[in-house]
Amino acid sequence: MSLVKIQNVMSNELGKRVFVTRPPEPPPEFLLNDPTDSIMIGITKQFGVPFTWTFAGLTNPHIAIVGISGSGKSVLVKTFLLRASYIWNTNAIIIDWAGEYKDWVNTSGGTVISLAQGDFLNIMDLSGMKPLDRAKQILTSFEILTDISDYPEQKRLTIEAIEQTYLNSGFQLAAIPDPKRESPTLKDVIALLEEKITEGTYEYPAELENAVYRLRQFAREGEDYFARKSTVDLGRLVSSGLVDLDLSALPDERFRALAALFVLQSLKEKMRMEGAKKVKGINAIVVLDEAWKIANDERSDAIMIVREGRKYNFGLIVASQNPTDINEAIFSNVGTTFMLKVKFERFMNYLQSSLNFSDFIRKEISKFGVGQSAVEMSFQTSVQFPETFVLESIIMELPLDAYTITIGDLLNQDELSDTTIKKEVTIEKIALNARFVEINVGVDVVNDIFKQLDAKNRLIDARGLAQIMSAKGVSRDASVAFFRGLQFSDTIITRVFMNVNV
Ligand SMILES: Nc1ncnc2c1ncn2[C@@H]1O[C@H](COP(=O)(O)OP(=O)(O)O)[C@@H](O)[C@H]1O
Ligand SMILES: [Mg+2]
Numbered sequence: 047m048s049l050v051k052i053q054n055v056m057s058n059e060l061g062k063r064v065f066v067t068r069p070p071e072p073p074p075e076f077l078l079n080d081p082t083d084s085i086m087i088g089i090t091k092q093f094g095v096p097f098t099w100t101f102a103g104l105t106n107p108h109i110a111i112v113g114i115s116g117s118g119k120s121v122l123v124k125t126f127l128l129r130a131s132y133i134w135n136t137n138a139i140i141i142d143w144a145g146e147y148k149d150w151v152n153t154s155g156g157t158v159i160s161l162a163q164g165d166f167l168n169i170m171d172l173s174g175m176k177p178l179d180r181a182k183q184i185l186t187s188f189e190i191l192t193d194i195s196d197y198p199e200q201k202r203l204t205i206e207a208i209e210q211t212y213l214n215s216g217f218q219l220a221a222i223p224d225p226k227r228e229s230p231t232l233k234d235v236i237a238l239l240e241e242k243i244t245e246g247t248y249e250y251p252a253e254l255e256n257a258v259y260r261l262r263q264f265a266r267e268g269e270d271y272f273a274r275k276s277t278v279d280l281g282r283l284v285s286s287g288l289v290d291l292d293l294s295a296l297p298d299e300r301f302r303a304l305a306a307l308f309v310l311q312s313l314k315e316k317m318r319m320e321g322a323k324k325v326k327g328i329n330a331i332v333v334l335d336e337a338w339k340i341a342n343d344e345r346s347d348a349i350m351i352v353r354e355g356r357k358y359n360f361g362l363i364v365a366s367q368n369p370t371d372i373n374e375a376i377f378s379n380v381g382t383t384f385m386l387k388v389k390f391e392r393f394m395n396y397l398q399s400s401l402n403f404s405d406f407i408r409k410e411i412s413k414f415g416v417g418q419s420a421v422e423m424s425f426q427t428s429v430q431f432p433e434t435f436v437l438e439s440i441i442m443e444l445p446l447d448a449y450t451i452t453i454g455d456l457l458n459q460d461e462l463s464d465t466t467i468k469k470e471v472t473i474e475k476i477a478l479n480a481r482f483v484e485i486n487v488g489v490d491v492v493n494d495i496f497k498q499l500d501a502k503n504r505l506i507d508a509r510g511l512a513q514i515m516s517a518k519g520v521s522r523d524a525s526v527a528f529f530r531g532l533q534f535s536d537t538i539i540t541r542v543f544m545n546v547n548v
């Protein structure tokens with residue numbers, strides 16, 4: 047029996063068949079939505095239809111973005127968040143692993159929370175949760191980040207000590223806490239366990255000591271980012287516009303992951319406490335960019351958020367270079383996947399087998415340039431067309447009136463490849479103007495400086511700017527204060543002035 051049967055078909059018959067429009071796109075009515083209730087993304091490659099995104103007909107509002115480094119993932123995230131905030135007033139919380147969103151959030155009028163640079167999170171804060179539940183969550187984070195699950199005795203000791211600490215601070219374990227009561231910290235938990243060591247009556251002293259040792263990693267002087275009174279009101283994060291949680295100054299991946307897990311747990315809790323929403327929309331979006339540990343572990347609350355988010359109007363955006371780093375539960379619960387340029391066959395195979403797109407699409411993806419993307423959408427109703435199509439390009443949102451000050455020429459090779467060191471500052475004209483006013487530069491001089499910057503297409507290296515300011519009679523002290531105000535470190539500022547004639 048042969049698999050292919052030759053048929054005699056008249057050409058007018060053929061014309062009625064769908065496959066003639068191959069390589070196909072969803073029909074325009076699925077791509078082109080009400081512009082006051084959808085987000086412009088780009089133009090389709092095949093028929094040049096503007097593609098505007100809405101969660102309305104999709105199985106879920108969540109989004110996965112994959113593509114090699116430099117393919118345009120973060121730009122897509124930024125573009126998306128800005129437009130979502132214009133159209134739906136959507137709040138966003140970016141879990142910013144490498145601090146790469148910080149400047150953009152500042153420029154866009156959002157709030158930056160910089161952990162380990164003046165901001166602290168107390169992981170024992172309850173934000174309305176029952177102490178019992180928070181204690182369990184803290185332990186889950188330790189299970190993801192440390193080997194505590196291999197040591198049941200230490201696990202028991204730790205959770206009991208956490209619960210006892212809440213009790214000692216006047217909380218009831220199974221009751222909604224009084225918001226005015228101050229939460230204890232991990233340091234109190236450690237003190238309690240140390241007391242037990244001193245008493246010397248515990249049956250397994252080595253277990254006790256190891257439990258203390260594990261907790262101390264997160265509470266050492268100078269590294270007690272999560273064991274101090276919070277400077278951040280987590281309960282308000284989801285309604286604070288655009289928020290960047292900058293984790294780049296934390297010493298290592300474990301600390302970053304702990305912060306991210308804690309914030310996700312709190313957001314999930316907040317989402318559940320507020321209850322299901324009657325009117326559909328996207329009130330808040332959580333962004334996980336390159337946060338593989340968090341997107342990958344099935345115990346992470348990223349997974350709860352994708353499973354339950356829709357009914358609470360919560361969306362999740364996960365972006366990664368490596369699609370296999372995104373947990374399958376997340377992949378199968380996103381309503382939209384953007385595939386920017388993908389190189390590795392292994393990743394392409396994974397994507398093609400999960401999303402089932404044609405070899406034609408596969409070939410397109412491998413040829414993409416920056417900002418080009420294939421899009422896969424899962425519609426709530428079953429549809430008669432392939433759900434994957436190609437965008438000519440993603441139309442990115444440019445910040446208006448922004449000036450960029452670069453310091454790349456002041457960095458050495460190691461610093462250049464260090465992702466935690468920023469290489470430029472982008473700032474809006476009003477904000478930059480405010481910096482000049484702060485250091486008492488007169489309005490005529492400021493206008494003159496802006497004219498010079500405009501002539502350089504609003505892009506200048508820090509030394510060049512210092513030179514211009516100096517030529518305009520701005521004192522060195524004032525200039526130093528200016529660069530500090532732009533968040534440049536003292537080391538960099540010293541280098542800026544090394545070669546400036548003042
Ligand atoms: N849609 C786009 N149109 C034009 N340029 C883009 C687009 N997306 C990205 N770029 C350019 O590519 C650079 C890298 O993009 P980025 O989003 O940071 O990549 P990734 O996050 O995938 O590593 C950006 O700084 C920008 O200059
Ligand atoms: Mg990126």
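Count along the sequence shown from 1, then add 46; that gives the number in the working numbering.
C-beta: ideal position from N, C-alpha, C; glycine also.
No experiment lies behind these values; they were computed from the predicted model shown.
Residue i in three-state terms, based on DSSP
i       : result
Thr-540 : helix
Ala-448 : strand
Arg-63  : Any reading at Arg-63 needs caution, since the residue's pLDDT is 47, under 50, leaving its predicted position unreliable; the model's value is listed next. If DSSP states are grouped into helix, strand and coil, Arg-63 belongs with coil.
Arg-68  : Legend: pLDDT at Arg-68 = 49, less than 50; position of this residue unreliable, no value from coordinates given.
Ile-363 : strand
Thr-157 : strand
Leu-172 : coil
Asp-234 : helix
Gln-533 : coil
Ala-337 : coil
Thr-434 : strand
Ile-331 : strand
Leu-219 : coil
Arg-298 : This sequence places Asp at residue 298; Arg is not what is there. Asp-298 falls in the coil class under three-state DSSP.
Met-47  : Legend: pLDDT at Met-47 = 42, less than 50; position of this residue unreliable, no value from coordinates given.
Asp-490 : helix
Asp-464 : coil
Residues bridged to residue i (per DSSP)
i       : result
Phe-384 : Ile-111, Val-421
Ile-89  : Pro-96, Ser-439
Leu-288 : Ala-138
Asp-507 : Thr-452
Glu-474 : Ala-448
Asp-83  : Answer by DSSP bridge pairing: none, since Asp-83 is not bridged.
Asp-165 : Leu-161
Cβ neighbours of residue i in the same chain (closer than 6 Å, five flanking residues each side left out)
i       : result
Arg-504 : Tyr-449
Ala-181 : Ile-205, Ile-208, Glu-209
Lys-357 : Ala-322
Ser-115 : Gln-367
Leu-401 : Glu-422
Proximity test, residue i beta-carbon vs ligand 1 heavy atom, cut-off 7 Å
i       : result
Lys-469 : no
Met-86  : no
Ser-439 : yes
Val-416 : yes
Gly-113 : yes
Gly-116 : yes
Minimum C-alpha distance to residue i - residue among the options
i       : options                            : result
Gln-418 : Val-121, Leu-167, Phe-76, Asp-80   : Val-121
Arg-282 : Gln-263, Ser-294, Met-317, Glu-146 : Met-317
Ile-140 : Gly-287, Asp-455, Ala-524          : Gly-287
Leu-313 : Ile-349, Lys-339, Arg-302          : Ile-349
Asp-558 : Leu-293, Ala-306, Val-421, Arg-356 : Because residue 558 is not part of the residues shown, which for the chain are 47 to 548, the question remains open.
Met-544 : Asn-135, Leu-456, Lys-469          : Leu-456
Lys-13  : Thr-211, Glu-443, Ile-194          : No statement about residue 13 is possible, as the shown extent of the chain runs from 47 to 548 and does not include it.
Gly-488 : Ser-463, Val-520, Glu-470, Val-380 : Val-520
Ile-411 : Thr-537, Asp-536, Thr-383, Phe-101 : Thr-383
Arg-481 : Ile-453, Leu-532, Lys-502          : Leu-532
Ile-441 : Asn-329, Lys-518, Thr-90           : Thr-90
Ile-111 : Trp-338, Asn-479, Asn-493          : Trp-338
Ala-517 : Phe-529, Asp-494, Ile-538          : Asp-494
Own chain, CB closer than 8 Å to residue i, minus 5 neighbours either side, in chain order
i       : result
Thr-153 : Pro-445, Ala-448, Thr-472, Ile-473, Glu-474, Ala-477
Gly-174 : Ile-222, Pro-223, Pro-225, Gly-281, Glu-315, Lys-316, Met-319
Leu-334 : Ile-141, Ala-306, Ile-340, Ala-341, Ala-348, Leu-362, Ile-363, Val-364, Ala-365
Phe-65  : Per-residue confidence for Phe-65 stands at a pLDDT of 46, beneath the threshold of 50, marking its modelled position as unreliable; the derived number appears in the next sentence. Once the five neighbours on either side are set aside, Phe-65 has no close Cβ partner at all.
Residue i CB to nearest heavy atom of ligand 2 below 7 Å
i       : result
Ser-120 : yes
Glu-146 : yes
Asp-335 : yes
Cutoff 8 Å: residue i Cβ touching any chain C Cβ
i       : result
Glu-470 : Looking at the structure shown, chain C is missing, and only one protein chain is on hand.
Cβ neighbours of residue i in the same chain (closer than 7 Å, five flanking residues each side left out)
i       : result
Gly-327 : Trp-134, Asn-359
Leu-511 : Ile-451
Ala-550 : Outside the shown range of the chain (47 to 548) lies residue 550, about which nothing can therefore be said.
Glu-240 : Val-258
Pro-250 : Note that residue 250 is Tyr in the sequence shown, not Pro. Within the same chain, Tyr-250 has close Cβ partners Glu-199.
Leu-499 : Tyr-449, Ile-506
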